[in-house]
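Undergrad: Per the numbering used here, residue 81 is the first one in the sequence shown, and the count goes up by one each step.
C-beta: ideal position from N, C-alpha, C; glycine also.
Submitted below is the structure of interest, expressed as structure tokens.
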Amino acid sequence: LTEFGHGGPPDVPLARAWYERAADAGNVASLYALGDILFNGAEGVAVDIPRAMEFYERGHAAGNADSSYALGWIHEGGHGVPADAERALGYYRAAFAGGSPEATQVMGMLYQQGGLLPVDLVYARYLLEQAVGMEVQLAYHELGIMMLEGRGGPVDRPRAEALFRSGYQSGDPEAALNLARLLNNTE
């Protein structure tokens, strides 16, 4: 609560101290929170990527899906570490197995695009449906495109329109663009 200012002004250094106590007491979710604070920095807390990676790795080793997803994102994009797609995939798989909504969306995208995983449009569409059910913002747009183009299943324009609308309402500008194109009947 102190990290985000609930009940008073934010105090990230104090929040960090409490997360450290919770981590020392065995709370796995606090490892992810510590990793986030140190990876992103905040008022009163300097960015410390090596230390953030230690907390994320400890969280991952303890089965925290958020930590696994964070490590996948970091290694996929080379954020503070050399980019490593294979390593990122391993972390994404762990996060997916742990129930991470964001990892569900990423796995859907990976099965759609191919490369690291074989193309499986039916499974990709299924995973993106799951991610939409978990309210992952980007999944609305991606699933809408699959529905509109009939990739991985039949064409479903009304469902595509509903997905684009939901994506737009959740703040995704790409969903708004595709909704406009759909309503204008252009590609």
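Ends of the alpha helix (DSSP H) at Asp104?
TA: In the sequence shown, residue 104 corresponds to position 24, counting from 1. 92-104 is the extent of the alpha helix (DSSP H) around Asp104.
Undergrad: Under a Cβ-count criterion, where at least 16 other Cβ atoms within 10 Å of its own Cβ denotes burial, should Gly188 be classed as buried or exposed?
TA: Counting from one through the sequence shown, the residue named residue 188 turns up at place 108. Gly188 should be labelled buried.
Undergrad: CA-CA distance, Tyr171 and Tyr149?
TA: Locating residue 171 in the sequence shown gives position 91, counting from the first residue. Locating residue 149 in the sequence shown gives position 69, counting from the first residue. Taking the straight line joining both Cα atoms gives about 6 Å.
Undergrad: Would you give the residue range spanned by the alpha helix (DSSP H) that Asn258 belongs to?
TA: On the sequence shown, residue 258 is found 178 positions in, with the first residue counted as 1. Here the alpha helix (DSSP H) through Asn258 covers 253-264.
Undergrad: Between Leu262 and Glu241, is the Cβ-Cβ spacing less than 9 Å?
TA: Taking the first residue of the sequence shown as 1, we reach residue 262 at position 182. Taking the first residue of the sequence shown as 1, we reach residue 241 at position 161. For Leu262 and Glu241, yes; Cβs fall inside 9 Å.
Undergrad: Looking only at C-alpha atoms, which of Gly124, Gly157, Ala175, Tyr206 sits nearest to Asn144?
TA: Translated into the one-based positions of the sequence shown, residue 144 becomes position 64. Among Gly124, Gly157, Ala175, Tyr206, the Cα nearest to that of Asn144 is on Ala175.
Undergrad: Tell whether a beta-carbon distance below 9 Å holds between Arg131 and Ala103.
TA: Within the sequence shown, residue 131 is the residue found at index 51, counting from 1. Within the sequence shown, residue 103 is the residue found at index 23, counting from 1. Against a cut-off of 9 Å, the Cβ pair of Ala103 and Arg131 comes out as no contact.
Undergrad: Could you give the distance in angstroms between the alpha-carbon of Pro93 and the alpha-carbon of Val235?
TA: By 1-based counting over the sequence shown, the position of residue 93 is 13. By 1-based counting over the sequence shown, the position of residue 235 is 155. When rounded, the distance between both Cα atoms is 51 Å.
Undergrad: Which word fits Asn120, buried or exposed, when buried means at least 16 other C-beta atoms lie within 10 angstroms of its C-beta?
TA: Along the sequence shown, one-based indexing puts residue 120 at 40. By the 10 Å Cβ count, Asn120 comes out exposed.
Undergrad: Write down the C-beta distance between Ala141 and Glu156 rounded to the nearest angstrom, noting that I regard them as a contact closer than 8 Å.
TA: The count along the sequence shown starts at 1 and reaches residue 141 at position 61. The count along the sequence shown starts at 1 and reaches residue 156 at position 76. Not really, about 19 Å apart at Cβ, beyond 8 Å.
Undergrad: Considering Cα atoms alone, identify which of Leu197, Gly195, Ala219 is closest to Arg205.
TA: For the purposes of this step, residue 205 is identified with residue 125 of the sequence shown, where counting begins at 1. Selected option, being the one with the closest Cα: Ala219.
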